[in-house]
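For what it's worth, our numbering labels the leading residue of the sequence shown as 8, then goes sequentially.
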Amino acid sequence: MRGKVTALLVFHQTKPYLDVKGALAKLAVLTGRAQTLAEACQVLSRVNPPLVVFTESELQDGTWVDVLSLSARASSPVSVIVVGQEIDTKLYASVIEVGAFDFIAPPFDALDLAHVVRCAADNALARREAARKVITRPKRGHVAGSAMRAASAGTLEDLHDAEA
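Structure below.
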């Protein structure tokens, strides 16, 4: 993990927020807070969103699934960690199955949390680097006019029809 780790904490309740914020502060993670999905959306749509998003499972205007959906549309890849009030294996399984990075619950052991944060941040950085390489990859050959439009439509049949 290179450089500072940034995290968005999406919490409307004070207790889990303060516990997570305090534990992350001990790890020198820079944090910001959103209390609603709308606030989280504003942060995630910025040019350089935080690497990691921590969210409680239930918000006043949605759930962790909504936060995961917002994160999937962020301007750059982020890793989402769902924070439970207690260990909940059903919720853990759902969180992983739906695509969040991890599920954690108190108490927040410093070594365990440091490992989770490091892995989540590294994951987000690797996906950002991969996305950057795709965007900056030099194009091979030349596809002109309607063939280029068909290629952007996404199917080989469209490309074949455009070349004909």
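Every residue gets a Cβ at the ideal spot worked out from N, C-alpha and C, and that includes glycine.
Worksheet entry | Stretch pair the region 132-143 + the region 93-102: three plus CB contacts closer than 8 Å | no
Worksheet item: If you compare alpha carbons, which of T38, K140 and S52 is closest to L44?
Response: For the residues T38, K140 and S52, the minimum Cα distance to L44 belongs to S52.
Worksheet entry | Given S64 as reference, the closest of D116, V90 and P23 once Cα atoms are compared | V90
Discussion item. Relative to the C-alpha of I111, which candidate in Y24, T13, H19 and K11 has its C-alpha closest?
Written reply: Y24
Worksheet entry | Distance between V74 and A138 (C-alpha atoms, nearest Å) | 21 Å
Discussion item. For V85, tell me which candidate among D116, A100 and G106 has the shortest Cα-Cα distance.
Written reply: G106
Worksheet item: Three-state secondary structure (DSSP) at T70?
Response: strand
Practice prompt. Starting from the C-beta of Y99, find all residues in its chain whose C-beta is less than 6 Å away, skip the five residues before and the five after it, and write them out in chain order.
Written response: Apart from the 5 residues on each side of it in sequence, Y99 sits with its Cβ closer than 6 Å to the Cβ of F110 in its chain, given in chain order.
Worksheet entry | Beta-bridge partners of F61, as assigned by DSSP | L16 and I88
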